[in-house]
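Chains A and B, in that order, are what the protein sequence lines are.
Under numbering that gives the first Met the number 0, the residue at position 139 of the first sequence is numbered 138, and the numbers go up by one with no gaps.
Under numbering that gives the first Met the number 0, the residue at position 233 of the second sequence is numbered 232, and the numbers go up by one with no gaps.
There are 2 protein chains.
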Amino acid sequence: MTLQTPATNAAGRLLSVLAAFDRAAPALTLTEISRRAGLSLPTAHRLLSELTGWGALERDADGVYHVGLRLFELGTLAPRGPVLREAALPFLEDLYEATRENVQLAVREDGDAVYVERLAGRSSVGVRTRLGAHWPLHATGVGLALLAHAPAGFQETYLAAELAAFTPWTVTDPDRLRRMLAQVRTTGLAVSDRQVTEDALSVAAPVRGPDGAVVAAVSVVVRAPGSAAALGPAVRLAARGISRALGPV
Amino acid sequence: MTLQTPATNAAGRLLSVLAAFDRAAPALTLTEISRRAGLSLPTAHRLLSELTGWGALERDADGVYHVGLRLFELGTLAPRGPVLREAALPFLEDLYEATRENVQLAVREDGDAVYVERLAGRSSVGVRTRLGAHWPLHATGVGLALLAHAPAGFQETYLAAELAAFTPWTVTDPDRLRRMLAQVRTTGLAVSDRQVTEDALSVAAPVRGPDGAVVAAVSVVVRAPGSAAALGPAVRLAARGISRALGPV
DNA sequence: CGGAGCCTTTCGCCTGACGGAAGTCCCGTT
DNA sequence: AACGGGACTTCCGTCAGGCGAAAGGCTCCG
C-alpha cells in the first residue's frame, strides 16, 4: 500500500499517486501522498493537479485529496465489476430471498478475492464488507471457490507465497488446504476454512463464463453451523443461473 | 468522448488513454484507443502496457482492452460515489418501500448529473439507468435540483453554454428554466421539465452536506402525472434523512 | 503467394519532466 | 509583534526518459 519501488517512469509515477489511496486512507494531503508514492513534493503536486483537473481526484476545502467521480464512472465500466454485478443481481436477489442470509459476489484479482456485490438484510448488524474490499483467497468461501478453479500453476504459486509470508490469515497446513481445494472441485461447493475464519462461515459456488472458465463466485453466510449442507443447493443454483446469464455475452 | 486536445504531456497522455473508455465504448482495441486518444500506436501500446500491468485495465484473450478491477476498487473510495451511496442507502430503501417507484441518487459533476445509486423494482421493465451514467443537468429532476442549488456563477455559465451548444435536450427557453430554478429553490422540490423529457417525469429534492451546501439529490419517478404533488413529501423526507446522516462526517 | 490489418519492438533525437531551492501562506507560540 | 515551523506552491536549469518513424512479426484471406 505504502511505497512499492520508487517508480522510474512518468506513467508509473502517476499510477503510484493513485495507488496511494486505499480503503485505509481514502483522504490524503499532498505531503502524505508524496511520501506514500515516493515522489518529491513538487512532482506529487504537479501530478495531483493533472489528476484533479481531469476529475480522477477531487480536492476539498481543506486541501485534502479524495478519489473523484470520474474514477467512479470509469470503475462502473469494469466487465468483472459492476457489469458482472448487473447480470448477477437478479440471481443474488433470489438467493437472498430464499436464504435471508448475507449474499456476496466476488472475483479474483491476483491473490485476493474482490467483493463486487453484497446483499445484506437491513436487520443484519454485522460488519458490512464494503464493495471493492479484498481478502486473501484462502480466508473466505468465495476465495476458496476461486482458488480451487484458478489456473493450475497459480495455486502452487499462491500456496508457496502464503507459506513465505506470515499474514494474520496464514495457512497453517498447506496440505490440508490442498485437500480442501480438491474437495471444492469435486463437490462444486466451497466452505470457508474454520481454522482461518473462526466466526464467519460461508458456502460458495463458482460462476463460469461462456468459455467454461470460472470468472466469479457466489456465497451465502452460514449462521447456524449445521445448516451449511442445507444452503449448498441454493448457492449452486444461483451460481448456475448467473453462469447461464453470462452465456450470450 | 473521442479526442479532446492532443495532450501535450505524459500525464495527460496517460489520462487520455483512460478517457478513451466510456459507456458507449467499454471495450477497445489498441488501434481504436490510439485513435481516440490521439496518440501514435507505439505510445498507446506502451501506456496500455503500463496500465494493464498496474491493473487499471485488463486485456482479454482477443487482445481487447477493458476497464480493470483496480479502477473499480479505486472508484469505490469516491466520497461522492459509493461512500455517499452507502450512507444514503437505508433512506433510499425507505423511499422505495413507501412509493414503489424507481428511486435514484445523483451528484453533480460539471454540467452533468451522475447517477450514484438507483433502486428499481424487479417488475420495472423500463430502461435501467446504469450507475455512473450522466445526463445534462436540465434533463432530469435530480439535475434541476442540483442546478438550482449550484454556486451562483455556475448557473449562468451553464445556461450560456446550453444556449451555444445544440444538444438533443437543448433548453428552448432559458428564462423559463430560470423561473423553474427559482421555484425549485423556494419549494425545495424539483420536477423534471416535461418539455425536455417527454416521458420520464420525476420529483427530486436536494441533499445537503454538513456545511449546508447541496451535495446530491434524490428523486422518484412519477408514473401517473397527477401524483407528482403526492410524492413530494416522501422525497423531501428521504433527502432530509440523508442530509442528517451526512452530519457526523 | 502477396497484401492488408493489427500488433510489437527497436532506436536516436529532443522535449518535457524532475527536484533543489526559494517564495508564500497560515498557524500557534513566545 | 516578531518568530518559527509546517504545508503548500512556483521557478528554473539540467538531463533522463518519452516520443514516433520505421521496420519486423503475426494472422487472416483471396
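All C-beta atoms, glycine included, are put in the ideal place defined by N, C-alpha and C.
As the structure is a prediction and not an experimental result, all values here were calculated from the model.
Next on the checklist: For a cutoff of 9 Å on Cβ pairs, would you count N101/A as touching chain B?
Outcome noted: no
Next on the checklist: For a cutoff of 9 Å on Cβ pairs, would you count G54/B as touching chain A?
Outcome noted: yes
Next on the checklist: Can you tell me which residues form a DSSP beta bridge with L56/A?
Outcome noted: V66/A
Item to check | First and last residue of the uninterrupted beta strand (DSSP E) at A112/B | outcome: D111 to L118
Next on the checklist: Going by beta-carbon coordinates alone, are G131/B and A216/B separated by less than 9 Å?
Outcome noted: no
Item to check | Selection of the segment 66-79 of chain A by Cβ proximity to chain B, strictly under 8 Å | outcome: V66, G67, L68, R69, L70, F71, E72, L73, G74, T75, L76, A77, P78 and R79
Checklist entry - Can at least three beta-carbon pairs, one atom from the segment 86-99 of chain B and one from the segment 143-159 of chain B, be found at a separation below 8 Å? => result no
Checklist entry - Would P5/A count as contacting chain B if we go by Cβ distances under 9 Å? => result no
Next on the checklist: What does DSSP give as the partner residue(s) for L236/B in the beta ladder?
Outcome noted: L236/B is not bridged to any residue.
Item to check | C-alpha gap between S48/B and E161/A, whole angstroms | outcome: 28 Å
Item to check | Nonlocal neighbours in the same chain, by C-beta distance under 8 Å from R69/A, ignoring five residues either side | outcome: W53, G54 and A55
Item to check | Beta carbon proximity, A18/A to chain B, threshold 9 Å | outcome: yes
Next on the checklist: What does DSSP give as the partner residue(s) for V102/B in the beta ladder?
Outcome noted: L118/B and V219/B
Checklist entry - Whose CA, out of E72/B, Y157/B, L94/B and L230/B, lies closest to the CA of V190/B? => result L230/B
Checklist entry - What's the C-alpha gap between V219/B and T42/A? => result 45 Å
Item to check | Sequence-distant residues of its chain with Cβ nearer than 7 Å to A144/B (five each side left out) | outcome: V183, A189, A203, A204, P205 and A216
Item to check | Per-residue contacts from V106/B into chain A (C-beta, under 8 Å) | outcome: L68
Item to check | Contact set between E49/A and chain B, taken where Cβ atoms lie within less than 8 Å | outcome: N8, A10, G11 and L14
Next on the checklist: Going by DSSP, what residue range makes up the alpha helix (DSSP H) through L158/A?
Outcome noted: A151 to A163
Next on the checklist: Taking 9 Å as the threshold (beta carbon to beta carbon), is L46/A in contact with chain B?
Outcome noted: yes
Item to check | Residue nearest to V66/A in terms of C-alpha spacing, selected from L76/A, T51/A, A60/A and P78/A | outcome: T51/A
Next on the checklist: Does the contact criterion of 3 or more C-beta pairs under 8 Å hold for the segment 71-83 of chain B versus the segment 223-240 of chain B?
Outcome noted: no
Checklist entry - Quick one: does A237/A have its CB under 9 Å from some CB of chain B? => result no
Next on the checklist: Give me the residue from F20/B, G37/B and A112/B with the minimum Cα distance to H148/B.
Outcome noted: A112/B
Next on the checklist: Suppose you measure from the CA of T7/A to the CA of R35/B; what does that come to, to the nearest Å?
Outcome noted: 27 Å
Item to check | 9 Å Cβ cutoff, V213/B in contact with chain A | outcome: no
Checklist entry - When the cut-off is 9 Å and only beta carbons count, does L38/B lie next to chain A? => result no
Checklist entry - Using the beta-carbon of each residue, which ones in chain A are nearer than 7 Å to W113/B? => result This sequence places Val at residue 113/B; Trp is not what is there. By Cβ distance, chain A contributes L68 and E72.
Next on the checklist: Buried or exposed, going by whether 16 or more other CB atoms sit within 10 Å of the CB of L14/A?
Outcome noted: buried
Item to check | S226/B versus L200/B: straight-line alpha-carbon distance, rounded | outcome: 10 Å
Checklist entry - How many whole angstroms separate the CB atoms of L40/A and R12/A, which I take to be in contact at a CB cut-off of 8 Å? => result Wrong, their Cβ atoms sit about 13 Å apart, outside the cutoff.
Item to check | chain A residues whose Cβ lies nearer than 9 Å to that of G131/B | outcome: L68, F71, E72, L73, G74, T75, L76 and P81
Item to check | Collapsed DSSP secondary structure at P89/A in the structure displayed | outcome: helix
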